[in-house]
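I have placed the structure first, in the form of structure tokens, so that the comments after it can refer back to it.
In my numbering, the protein residues as written are 166 to 765.
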């Protein structure tokens, strides 16, 4: 989300797309960072100006939305390395203009075969590990899925090779970019963890400190890793030398002989093997679908809970006329619907949730059953109980108390559309900011800590917990890349990072745009609150100021500086595209269009 210098990536892309060599040129000016752009011919919105510039250049040179999304994601692996990269995973949602269908790729990390239901229980105490104790270890690292997501997306729907789409990012890593306060601050926040590992310290703590703001940061190891994958293909990662180094890092964490700072926990190895890496496959589940106010809302199915939770909440809200309500009344219903959806998400949704249960959770009859619990004059006591999705609408019912679990925050998101009408909404991550803290030696990328998204111990009392660890299982996610169609054609695409707040941020943006009549930029910029079936609603100060005093009794708030960092594209009636990114949060995002539109 930061302005970046050194976009010589476009030179490399020109060489590859055109197939001819070009002479070396001076480094171009810093790419623009604008939160809103309106135009035609394609659009890109990401959290970072460099990544947006890379994706836009692909579109301008004839690539499609999938090509541009992969190139931009690879660039984010360089400039946003603490949020995403080839050491992580994500969810890719694609609208194919030729067929009018929405497709998804599940590139979520998977547990190694050695993982069991008790892997996050300390055998010495019988108690779950503390989060940071589990995170900064080999135990937290899942088998990465990002690289195969890129390859599979390009194979199915792209027009360029993975080698071509990696080269701009490799050039950015090689030439470097300007360190800003956010980049340096993320390293400083992780300094104790990063300082425990020789490979991470060497890259991110030169001289024992984060790189200075204003300095140029280069990652030559990552540049070479990208170039190696470009030459040899994904097998070098999943079955070759890069994979061997990755597995060795998990099995034998590169603990520094002289750590920088102290760490309160032992750094545990784990049992990921080369077989786990070689056996990884991306999945291609059917998207979730909810019909809302005449629109078709498509999202990500399990192991993400995003599509199901957003869809269920929308179905609940459709029972009410939000447009006739005041803003405060609409926000009350939004918060209550979110709590109800989270109660069901926590109780039922995980990697192996039966399809019939997911269908019931997204059914209109079930939405009516849940909606009748909402009282316009008072907030429900939290946590609310999960419902019983049983195909029968029997009126309002009660059940046992639901679990409330808060996920850590990181992740990144991008939105791309091309001149042919194809759309990509893609959320990718390494989980916590900085992942598990381990840079794979000589390879330049951080490993994920995605397996800490499993519940460490049962959370549902005597009922089955859908999100306990198991061999090969994928941890539940909140990532919610969403594409909305109107009469079968794209209307809106949105997504965001933010841990468990992803679900509520996407839901609130949709309510703001569809029900409250905001423009897309207004919907992204509006103050946010995240009610995840907890006694207190996490909210930005501006939301508390605007709504807290007017809401019905029973709402309680805890203040947080900011929630999410969204991107989106809207398809306007006259064929223009409106690309939007955050204007302020996390420094502001970058939106761009191939051809600018100017009012005459």
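Every residue gets a Cβ at the ideal spot worked out from N, C-alpha and C, and that includes glycine.
Item: Rounded to whole angstroms, what is the Cα-Cα separation between residue 405 and residue 606?; Value: 15 Å
Item: Tell me the DSSP secondary structure of residue 563 in three-state form.; Value: Summary for residue 563: the model assigns pLDDT 43, below 50, so the residue's position carries little reliability, and this model does not support an answer.
Item: Would you kindly report the start and end of the unbroken beta strand (DSSP E) that includes residue 439?; Value: Premise fails: residue 439 lies in the alpha helix (DSSP H), 439 to 443, not in any beta strand (DSSP E).
Item: What first and last residue would you give for the beta strand (DSSP E) that runs through residue 503?; Value: It is not in any beta strand (DSSP E) - residue 503 instead sits in the alpha helix (DSSP H) that spans 492 to 513.
Item: Is the beta carbon of residue 640 less than 8 Å from the beta carbon of residue 592?; Value: no
Item: Work out the CA separation of residue 367 and residue 396 for me, nearest whole Å.; Value: 26 Å
Item: Please report how far the alpha carbon of residue 179 lies from the alpha carbon of residue 284, in whole angstroms.; Value: In this prediction, residue 179 has a pLDDT of 37, which is less than 50 and means its spatial position is unreliable; what the coordinates show is noted afterwards. Roughly 48 Å between the two C-alpha positions.
Item: Work out the CA separation of residue 432 and residue 418 for me, nearest whole Å.; Value: 8 Å
Item: Would residue 683 pass as a contact of residue 694 if the rule is Cβ separation under 8 Å?; Value: no
Item: Just list the residues that DSSP pairs residue 454 with in beta bridges.; Value: 463
Item: Is the beta carbon of residue 757 closer than 8 Å to that of residue 221?; Value: yes
Item: Under 8 Å, do residue 269 and residue 468 count as touching if we go by C-beta distance?; Value: no
Item: Give the secondary structure of residue 277 by DSSP, where H, G and I count as helix, E and B as strand, and everything else as coil.; Value: coil
Item: For residue 578, does the three-state DSSP call read helix, strand or coil?; Value: strand
Item: Measuring only the C-alpha atoms, how far is residue 562 from residue 512?; Value: Only weak support is given to the placement of residue 562: the predicted model assigns it a pLDDT of 48, under 50, and the question is left unresolved by the model.
Item: DSSP three-state call for residue 685: helix, strand or coil?; Value: helix
Item: Could you spell out the range, first to last residue, of the alpha helix (DSSP H) harbouring residue 447?; Value: Premise fails: residue 447 is in no alpha helix (DSSP H) and is neither H nor E.
Item: With a cut-off of 8 Å on the beta carbons, I'd call residue 434 and residue 412 a contact; round off their distance for me.; Value: Contact doesn't hold; Cβ gap of about 11 Å is too wide.
Item: Can you check which of these residues, 409, 334, 585, 347, is closest to residue 441 by C-alpha distance?; Value: 409
Item: What three-state label does DSSP hand residue 697 in the structure shown?; Value: coil
Item: Considering Cα atoms alone, identify which of 234, 228, 384, 227 is closest to residue 579.; Value: 234
Item: Could you say which of 350, 716, 322, 359 lies nearest to residue 490 if we only look at CA atoms?; Value: 716
Item: Keeping to the same chain, check which residues put their C-beta closer than 7 Å to that of residue 248; ignore five residues upstream and five downstream.; Value: 575, 576, 577, 594, 595, 598, 662
Item: When the Cα atoms are used, what is the spatial distance from residue 359 to residue 425?; Value: 8 Å
Item: Could you pull out every residue in the same chain whose Cβ sits closer than 6 Å to the Cβ of residue 531, ignoring the five residues on either side in sequence?; Value: 525, 554
Item: Using the C-alpha atoms, what's the distance from residue 522 back to residue 216?; Value: 39 Å
Item: Identify which residue in 504, 374, 321 has its Cα closest to the Cα of residue 672.; Value: 504
Item: Can you tell me whether DSSP reads residue 761 as helix, strand or coil?; Value: strand
Item: For the beta strand (DSSP E) holding residue 210, just list the boundary residues, first then last.; Value: 201 to 211
Item: I want to know whether the segment 310 to 318 touches the segment 270 to 280 - three or more CB-CB distances under 8 Å.; Value: yes
Item: When the Cα atoms are used, what is the spatial distance from residue 474 to residue 373?; Value: 43 Å
Item: Where residue 760 and residue 224 are concerned, what is the direct C-alpha to C-alpha distance, given to the nearest angstrom?; Value: 11 Å
Item: Helix, strand or coil for residue 423 per DSSP?; Value: coil
Item: When the Cα atoms are used, what is the spatial distance from residue 288 to residue 387?; Value: 37 Å
Item: How many Å lie between residue 528 and residue 463 at the Cα?; Value: 14 Å
Item: Is it buried or exposed, residue 714, if we count other Cβ atoms within 10 angstroms and call 16 or more buried?; Value: exposed
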